[in-house]
Structures are given as structure tokens and as C-alpha cells.
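In the UniProt record's numbering, the protein residues as written are 1 to 376.
Heads up, the beta-carbon is just placed ideally off N, CA and C, and yes, glycines get one too.
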């Protein structure tokens, strides 16, 4: 086995790629390597099962991965904090509590949550998931038919709207759901048959769709579109776009035009050899879509390359599939398959396949050794 001088690997964020990194180092520890997980949350909500929880098909514990237990399995130290700054030239990370940490290798997997146009108490972004879960619980117990808007015309926004409609379907006065997108059509990244199937599902669920309607403001109890219309919305759930954290601007890392970390095909920073990134925060040469399935696929390559980088070995490439399979749920224990082909296979059987895949993913990590320590 290759040994190394004592080095420190900082894993910033407990995202979909980093859970695989922790598992991989737990299975094959690297002597002389200190691993530190920097993450404010003790549990990660698996995004693939979030619509199922919203629809009422899962318990909260069934969709979460125990990050403390996983860190313990990997022999990693957990620091309960979030990143607030980075000096990549000096190899130092600043935490939101003011502490700084030096590192030999740094890996970023913190996601890129959507950012609504204005902060308001009735606006909930889909990430971080805590406020969203609380808002869905509150909506499920509402007694009035309150107007609720979902902003985002991609698969995530459509899944969320359909799941919420299913969750509230038996209420005496279910919420009046409306879906908004700035694009001229929904689901523009998917084949026409898939789009037709999901648009029909939205219609059956009674969800009003507003295409070509960019939401530019969210005053109390409403939203305002780019053409000046003011529409009642007691809650606005924001599932549109992704935005890199502001502190990256001063990090010294090379970023793309939208502020995301520019990485090579190896997931290593194109400007700093000691920095890696995966998930939504990474801007890859192949233009991999920002989705949970991408981060999951990146996990094994990221784990291998962090190990290889410490050992001074040649790195592997991450080559995403040209058309990744997406199983998009419709809230009612049905799903439709999308893979860039002009077909739309759908039904309960596909949801059962998705359910098995998702449960297996969560069990892959929760089935490991329990936590060996608490937060700092």
C-alpha cells in the first residue's frame, strides 16, 4: 500500500459526491491522511427522494443520509460549520464562525442553491431543504385554499408541483397551485413525448402553468412577473436556477462566466492543483447538467482522484453519459423515463424501479458504521 506524509483533506459540504468519497476512504483508508468534513447539517436529504417525501410516500428518516455516521466510518473529523471564504493560493479555508483551516487537498461539494430575487418570509428556496420541509408540512395542514406558486420549469419544479398536489389532494380546500417559468415552454431539456406526458399530468392535477413569465419580485403575499402583473401567492417555492456562493469571487479559483468553479475532466480545479469540486458547484468541460444524478456519478471519480492526487498518481477522467436516464415522478407513484429519445415510457412500474434505486442509494451509506464522534 502506498503511504504518504501526514496530509489534510478538507471535504467542504456533505453533498451527493462527498458521501461516496467518505464511503470510499472508509473502505480503503489512506495512511497519513487526515480527513475533515466541514458541513453544518448532521443529515443530508437525498434529492432523488425529496419529491416522494413531499407526496407523502416516505418518512423523513427514509430520505436522509447520516453524515455523522458516515464521517465516523471514514475516520473523518466533523466540523459543524459552513464555508465563508477561501484563499486558494494560501490553501486556507475560512468558516462562518471565523475559524480558518489549512489544507493539502480541498474538495468542494456544497451545491448551488437557487436565489430568489428578494428575501421575503413567504418565499422558500428548495435548497437548503430544512425550510422547504417545514413549509410543506405547514401546507399539508392548511385549512384554506391558499394560492401557492412554484417557480421553475425544469424537472425539479414540475416534480415538486405534482408531489405537492398529491400530498394535499384530500384536503377539503387544497392549495391553488401555479407553476411559473421564464422559458417559453416547460422541460426544454427533455424530449417532446416526455414533456407532453408531464404537461398532461400537471393539467390533471389542476396546476396552472405560466410559461414565458419571469418572476422579478416577491412582495408580501404575491409575486410580480416581468410584464408587470401582480399575482397572489401566499407562498412562493423557488426551484429555478442555481447560484454559486458569493465568497467564491474572492477565492482566487478560476470560475466560469456564471461564477462556478471551473474544473478539468478530472474534477480538479483548472487553476489550482490542490482543489477539486463536484456537484452543482463544478463547471465541467463536458457541460454536465446540474442535477443530483450528476453528482452521484461524479462521486467515484472524485474519490479516486483525491486519493491519486495525494499519492502523486495520474488522475482519472469523469465522462458523463451523453443522455443520462432520468426517472421523473408524477406524485401518484408513477414515473416517466427520459433519456433523450422520442419516447416516454411511464407508469407505476417505473416508479417502483425508481423507488428501488433510491432506497438502495440511501441504504448504501446508512448501512455503514455508526458515528464515532460528534461535532466540534
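Opposite residue i in the DSSP bridges: which residues?
i	result
residue 107	11, 276
residue 44	65
residue 34	8
residue 238	125, 151
residue 87	92
residue 324	Answer is none; residue 324 lacks a bridge partner.
residue 101	93
residue 346	336
residue 263	269
residue 208	178
Quick one: give me the first and last residue of the alpha helix (DSSP H) that residue i is part of.
i	result
residue 309	292 to 311
residue 337	Taken as a continuous stretch (DSSP letters only), residue 337 belongs to no alpha helix (DSSP H), being part of the beta strand (DSSP E) at 335 to 338.
residue 204	192 to 204
residue 141	Note, residue 141: premise wrong, no alpha helix (DSSP H); not H, not E.
residue 51	50 to 55
residue 20	16 to 27
Since residue i and residue j are thought to touch, with beta carbons under 8 Å apart, how far apart are those beta carbons, to the nearest angstrom?
i	j	result
residue 133	residue 158	Actually they are not in contact, since the Cβ atoms of residue 133 and residue 158 sit about 19 Å apart, beyond 8 Å.
residue 122	residue 236	6 Å
residue 377	residue 262	Nothing about residue 377 can be read from this structure; the chain reaches only from 1 to 376.
residue 45	residue 11	At roughly 18 Å, the Cβ-Cβ gap does not stay under 8 Å, so residue 45 and residue 11 are not in contact.
residue 179	residue 54	That belief does not hold up - the Cβ atoms of residue 179 and residue 54 are roughly 14 Å apart, past 8 Å.
residue 198	residue 209	About 10 Å separates the two Cβ atoms, so there is no contact after all.
residue 148	residue 233	7 Å
residue 155	residue 328	5 Å
residue 120	residue 220	7 Å
residue 364	residue 57	Between residue 57 and residue 364 the Cβ distance is about 20 Å, and since that is not below 8 Å, they are no contact.
residue 105	residue 274	5 Å
residue 191	residue 340	6 Å
residue 280	residue 242	5 Å
residue 350	residue 88	With a Cβ gap of about 43 Å, residue 350 and residue 88 do not count as contacting.
Short check: CB of residue i to CB of residue j, under 9 Å?
i	j	result
residue 103	residue 91	yes
residue 276	residue 306	yes
residue 142	residue 169	no
residue 289	residue 189	yes
residue 13	residue 79	no
residue 26	residue 361	no
residue 368	residue 69	yes
residue 222	residue 230	yes
residue 125	residue 131	yes
residue 107	residue 21	yes
residue 114	residue 152	yes
residue 38	residue 95	yes
residue 176	residue 145	yes
residue 346	residue 245	no
residue 344	residue 326	no
residue 299	residue 19	yes
residue 308	residue 314	yes
residue 64	residue 43	yes
residue 295	residue 17	yes
residue 116	residue 238	yes
residue 301	residue 267	yes
residue 9	residue 34	yes
residue 24	residue 303	yes
Could you check where the beta strand (DSSP E) with residue i kicks off and where it finishes?
i	result
residue 232	230 to 232
residue 281	Run containing residue 281: none; DSSP gives neither H nor E here.
residue 79	77 to 79
residue 223	222 to 225
In three-state terms, what does DSSP make of residue i?
i	result
residue 365	helix
residue 213	coil
residue 130	helix
residue 180	strand
residue 118	coil
residue 268	strand
residue 314	coil
residue 255	strand
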